[in-house]
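Below you'll find the structure, written out as structure tokens, and then a few comments.
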Amino acid sequence: REKKIRNKKLFPVSFAIDQRHLVEGTDKMCEEEIKNLKALQELDPDSSNIVKVIDLWKYRYKNFVCYEFLHSDLKHLMSTRNFQPLEISKIRDVAQQILVALKALGKIKMVHLNIRPSNIRLTHQYYVPRDHLKVKLLDFCHASILTDETQEHDTQHTFYKPFEIMVGLPLGRAIDMWGLGCTLAYLYLGHNLFPRSEYDAMSLMLQLQGKPRNSLLKQAKLKEKFFIEDEKEKTWRFKTFKEFYKKKLFYRRTHKHTYTSFDDFFKVPTLPEDLENSEDVREFLDLLKKMLDLDPNKRITPTKALKHRFITMKSAIPNKDNESPGKISVKDALQTPAKRFCKFVRKMFRKITCLGESNTVPQQKEVRIKNTFY
1 REKKIRNKKL FPVSFAIDQR HLVEGTDKMC EEEIKNLKAL QELDPDSSNI VKVIDLWKYR
61 YKNFVCYEFL HSDLKHLMST RNFQPLEISK IRDVAQQILV ALKALGKIKM VHLNIRPSNI
121 RLTHQYYVPR DHLKVKLLDF CHASILTDET QEHDTQHTFY KPFEIMVGLP LGRAIDMWGL
181 GCTLAYLYLG HNLFPRSEYD AMSLMLQLQG KPRNSLLKQA KLKEKFFIED EKEKTWRFKT
241 FKEFYKKKLF YRRTHKHTYT SFDDFFKVPT LPEDLENSED VREFLDLLKK MLDLDPNKRI
301 TPTKALKHRF ITMKSAIPNK DNESPGKISV KDALQTPAKR FCKFVRKMFR KITCLGESNT
361 VPQQKEVRIK NTFY
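Start counting the sequence shown at 1; every next residue gets the next number (UniProt numbering).
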């Protein structure tokens, strides 16, 4: 749907309430989302890398939100690449910009609670030649302002559900850092890091990060779902496969990729550019490990992550006239079409000259087309 603004331009319109899910309680969700969008007006959407809200209005007891036009999300971007791993330099661009968005949300004490590839969109078309990606964060329907009365949140998919939600720990800002870590791992691997099954996801978490502290598990409300207390040693151990699925007769593993540590990520087939930048990959895995720390209190914060070596490396700075990420000149944008056009014209002139020679027509001088793009 579209709505005309004063300058008579058309902007895509997004509903605050999905008409396909009109059930009890959606009015309250809509009010919370509008409240969050109004709170976001305190931030600069361009410098904070957050979607810009153009207008809010009500029509026939339904709320509508008009956002700025953004292009495809990261999930669609990976599908167009046939789920091949993304270049490490472009992963750095996404990480740096979303970390800036999380730092800005921290100023108003807001948590996004649903960071995933489908909620991060490009501000430009991907097929336009660019050295850097420019992205923005959107979809604040599940966002919440942190207070002492903040309730538990369990609407995330297992692919991006953090450890504290699975075991019932208190809600905090570290949830967004976990979602960003899973998103970056998805871009690096070409598939989701954690499987669909909660048991397999928890098992992989423990393999990558080790067993959490007993003092942390004592605070969890849902620890009995995955752990069993050993009364003799007064510790908690992870349930076996049979202990967890004792009431289920059929179960099929759906995750083909298994990892025992972050060192196994070096075995992932990456692009040739990344093979030369092994130091970049090493720093990226170090940041990813800190983002996916099981203890939310020890998990890296957006401020510290922005100072990490992976973000501050020289390769993250554009080389052309200190151009900011996401900007591109008209010359670079038209370079590829211009090359194709010039090759086509040269080919046509060659055919004409060959035809003239066969018909004993006086040979003409070859016409040279001046190419200003390369």
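In this text, a Cβ means the ideal position worked out from N, Cα and C, and glycines have one as well. All figures in this text were calculated on a predicted structure; none of them were measured in a lab.
{"Item": "Does the beta-carbon distance from V94 to L37 come in below 8 Å?", "Value": "no"}
{"Item": "Beta-carbon within less than 6 Å of N192's beta-carbon, same chain only, minus the 5 sequence neighbours each way: which residues are those?", "Value": "F159, Y186"}
{"Item": "Looking only at DSSP bridge pairs, what is I228 linked to?", "Value": "R237"}
{"Item": "Leaving out five residues before and five after I300 in sequence, what residues of the same chain have Cβ atoms less than 8 Å from its Cβ?", "Value": "M177, L287, K290, M291, D293, H308"}
{"Item": "By Cβ distance, which residues of its chain are closer than 6 Å to R282, with the 5 residues on each side in sequence left out?", "Value": "none"}
{"Item": "Do L74 and I115 have their C-beta atoms within less than 8 Å of each other?", "Value": "no"}
{"Item": "Assuming K239 contacts I228 under a Cβ cut-off of 8 Å, what Cβ separation, rounded to an integer in Å, is found between them?", "Value": "6 Å"}
{"Item": "Mind checking whether I108 and L43 have CB atoms under 8 Å apart?", "Value": "yes"}
{"Item": "May I ask you to report which of helix, strand or coil DSSP gives F140?", "Value": "coil"}
{"Item": "Helix or strand or just coil, what does DSSP make of V281?", "Value": "helix"}
{"Item": "Apart from the five residues just before and just after G106, which ones in its own chain have a Cβ nearer than 7 Å to its Cβ?", "Value": "R173, P302"}
{"Item": "Please classify R81 as buried or exposed, where buried requires at least 16 other C-beta atoms within 10 Å of its C-beta.", "Value": "exposed"}
{"Item": "Between T123 and L138, what straight-line distance do the alpha-carbon atoms span, to the nearest angstrom?", "Value": "12 Å"}
{"Item": "What is the DSSP secondary structure of F266, reduced to helix, strand or coil?", "Value": "helix"}
{"Item": "If distances are taken between C-alpha atoms only, which option among L113, W236, G210, V111 comes closest to residue 375?", "Value": "Because the chain spans 1 through 374 in this model, residue 375 falls outside it and cannot be assessed."}
{"Item": "On the three-state DSSP scale, how would you describe I50?", "Value": "strand"}
{"Item": "Please report the straight-line C-alpha distance between L56 and Y199, rounded to a whole angstrom.", "Value": "42 Å"}
{"Item": "Would you kindly check if the distance between the Cβ of A39 and the Cβ of I175 is under 8 Å?", "Value": "no"}
{"Item": "Grab me the residues of A220's own chain with a C-beta within less than 6 Å of its C-beta, minus the 5 sequence neighbours each way, in chain order.", "Value": "V167, G168, L169"}
{"Item": "Considering Cα atoms alone, identify which of L216, S215, K218, F194 is closest to Q207.", "Value": "F194"}
{"Item": "Can you tell which of S197, F244, N214, K304 has its C-alpha closest to the C-alpha of E231?", "Value": "N214"}
{"Item": "What number of angstroms, rounded off, separates the C-alpha of T183 from the C-alpha of Q41?", "Value": "26 Å"}
{"Item": "Determine, using beta carbons only, whether G190 and P85 come nearer to each other than 8 Å.", "Value": "yes"}
{"Item": "Quick check on the burial criterion: 16 or more other C-beta atoms within 10 angstroms. Buried or exposed for Y67?", "Value": "buried"}
{"Item": "Return the first residue and the last residue of the beta strand (DSSP E) that N63 is part of.", "Value": "62 to 67"}
{"Item": "Please report the straight-line C-alpha distance between E224 and K218, rounded to a whole angstrom.", "Value": "10 Å"}
{"Item": "Could you tell me if Y59 is buried or exposed, where buried requires 16 or more neighbouring beta carbons within 10 angstroms of its beta carbon?", "Value": "exposed"}
{"Item": "So I311 is in the alpha helix (DSSP H); what residue range does that whole segment cover?", "Value": "309 to 312"}
{"Item": "Starting from the Cα of L77, find the closest Cα among V53, Q156, Y188 and give me that residue.", "Value": "Y188"}
{"Item": "Taking DSSP as the reference, what is the three-state secondary structure of L70?", "Value": "coil"}
{"Item": "How is L206 classed by DSSP in three states: helix, strand or coil?", "Value": "helix"}
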